[in-house]
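In the numbering used here, the protein residues as written are 3 to 280.
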């Protein structure tokens, strides 16, 4: 038996392929080589080589008319199998509903994607004026609550990529100082909560907490969004406990007790929901 020496670029190549598939998954339509290369900050030649390989194995398809790429049927089959094992959207649905009803705000569920947050579900509040975020939205990584939580659990390479260059400041309150951002990421990992008052849009705040598989593995982010009047800066008390409580209960369903280990107690109404209403 011949053992080939492992190529030093193997793991790096796997990372690029994983990020490439994530970009195709998030795109609303087939995507070209140049768009993907810009998004991942890779050369067009490298992205093209990986796309050709993925197409060969049936993992992606190429549109004959435009030469652009989309996810292939084989990935859909694999995704369905994974969905049976772990469907975070379905698992989070009752918690999103409870969170919206209990706080009077819209509730959001995001998943991490290449170090960023991607909103995949939203439950709007019942008032005449509803502030929400549509599924498919990617909050800015550095100046949003969901984005910073995703950054806090991202790889070093992902953080470096997302925090390099000139950071966009949608409002005068947007956090764009990289050192300050890194300090916030440390706080997130310690406190398991984050908000971003007036950062993405003046007058709006988002309060979010991580859903964890273990202390280092982020699988989702649950949040509420509303006016700064209803979700004040650095909120404490019942509202924060409800957001963290839903994240803690969902984390527990995935076998993680990081919240309990930090001394947090899940509120009674969320504990009842997690226990099937008992």
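All C-beta atoms, glycine included, are put in the ideal place defined by N, C-alpha and C.
So what's residue i in DSSP terms, helix, strand or just coil?
i	result
residue 253	helix
residue 86	For residue 86, the pLDDT reaches just 46, beneath the cut-off of 50, and the residue's location in the model is therefore unreliable, although a value from the coordinates is still provided. Of the three classes helix, strand and coil, the one that applies to residue 86 here is helix, per DSSP.
residue 52	helix
residue 195	coil
residue 106	coil
residue 190	helix
residue 99	helix
residue 169	coil
residue 15	helix
residue 258	coil
residue 269	coil
residue 29	coil
residue 24	helix
residue 5	Because residue 5 carries a pLDDT of 29, less than 50, the predicted location of this residue cannot be relied on, and the following value inherits that uncertainty. Note: residue 5 maps to coil in three-state DSSP.
Is it right to say residue i is buried, meaning 16 or more other beta carbons lie within 10 angstroms of its own, or is it exposed?
i	result
residue 69	exposed
residue 229	exposed
residue 216	exposed
residue 107	buried
residue 40	exposed
residue 21	buried
residue 275	buried
residue 1	Outside the shown range of the chain, which is 3 to 280, sits residue 1, and nothing can be said about it.
residue 252	buried
residue 118	buried
residue 199	buried
residue 174	exposed
residue 141	buried
residue 109	buried
residue 247	buried
residue 160	buried
residue 185	exposed
residue 116	buried
residue 257	exposed
residue 222	buried
residue 260	buried
residue 27	exposed
residue 208	buried
residue 80	exposed
residue 86	The predicted position of residue 86 is uncertain, since its pLDDT is 46 and thus under 50; a value taken from the coordinates is nonetheless stated next. By the neighbour-count rule (16 or more Cβ atoms within 10 Å), residue 86 is not buried but exposed.
residue 227	buried
residue 45	exposed
Taking DSSP's pairing of strands, which residues face residue i in a bridge?
i	result
residue 121	112
Do the region 55-68 and the region 92-108 meet, that is, are 3 or more Cβ pairs less than 8 Å apart? no
How do the region 164-175 and the region 234-247 stand: do at least 3 beta-carbon pairs fall below 8 Å, yes or no? no
Given 8 Å, three or more beta-carbon pairs between the region 134-150 and the region 189-198: yes
Pick out the complete beta strand (DSSP E) segments inside the region 176-245, 3 residues or longer, and give them in chain order. 206-216 and 219-229
Assess, as a yes-or-no matter, whether the region 115-131 is touched by the region 166-184 under the definition of 3 or more beta carbon pairs within less than 8 Å. no
Could I get the ranges of all uninterrupted beta strand (DSSP E) runs contained in the region 33-80, with 3 residues as the minimum, in chain order? 62-64 and 71-73
Alpha helix (DSSP H) segments (min. 4 residues) lying fully within the region 134-165: 147-154 and 158-164
Looking at C-beta atoms only, is the number of pairs between the region 35-53 and the region 176-186 that lie closer than 8 Å three or more? no
Quick check: the region 203-217 against the region 61-77, are at least 3 beta-carbon pairs closer than 8 Å? no
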